[in-house]
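Asks:
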Amino acid sequence: MPFFKFTALRLGLVVVFFVIAYWLGLGAIFSAVAAAILAWCVTYLFFRSQRDAAAASLQRRFRDGAPPQRNPAELDDAAAEDAYDPNAAVNPDRKPRP
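Residue 9 is where the sequence shown starts when you use our numbering, and the numbers rise one by one after that.
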């Protein structure tokens, strides 16, 4: 979650700086470049704790041996697979013909 908060913060700053730069008449492309650079600078200088928390959450997520994070649909699917009886009878007449 810290990663998404930090990303939302940075994107919000990009939008604010873009609107200001565009309002000053810098043009769309230069405004976008200036907004991206300014947002990076501001988050780098003033939001260190949020940046470190985001980096730590990514590090925990992608380190070797980290348990996979699964959503409820994947957990239900895994439970259905575990409940399946491999010795159940199969009726070959019900197979679709090619």
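Yeah, the Cβ is synthetic: ideal placement off N, Cα and C, and Gly gets one too.
Does Arg18 pass the burial test, meaning 16 or more other C-beta atoms within 10 Å, or should it be called exposed?
Replies: The sequence position of residue 18 within the sequence shown is 10, counting from 1. When all chains shown are included, Arg18 counts as buried.
Asks: Count the other CB atoms within 10 Å of the CB of Val23; is the residue buried (16 or more) or exposed (fewer)?
Replies: In the sequence shown, counting from the first residue as 1, residue 23 sits at position 15. By the neighbour-count rule (16 or more Cβ atoms within 10 Å), Val23 is not buried but exposed.
Asks: Candidates Ala47, Leu46, Tyr30: which alpha carbon is nearest Ser39's?
Replies: Reading the sequence shown from its first residue, position 31 is the one you call residue 39. Looking at the Cα atoms, Tyr30 is the closest of the given residues.
Asks: Is the Cβ-Cβ distance between Val50 and Leu32 less than 9 angstroms?
Replies: Reading the sequence shown from its first residue, position 42 is the one you call residue 50. Reading the sequence shown from its first residue, position 24 is the one you call residue 32. No.
Asks: Residue range of the alpha helix (DSSP H) that Tyr30 falls in?
Replies: Counting from one through the sequence shown, the residue named residue 30 turns up at place 22. Counting along the chain, the alpha helix (DSSP H) containing Tyr30 begins and ends at 10-31.
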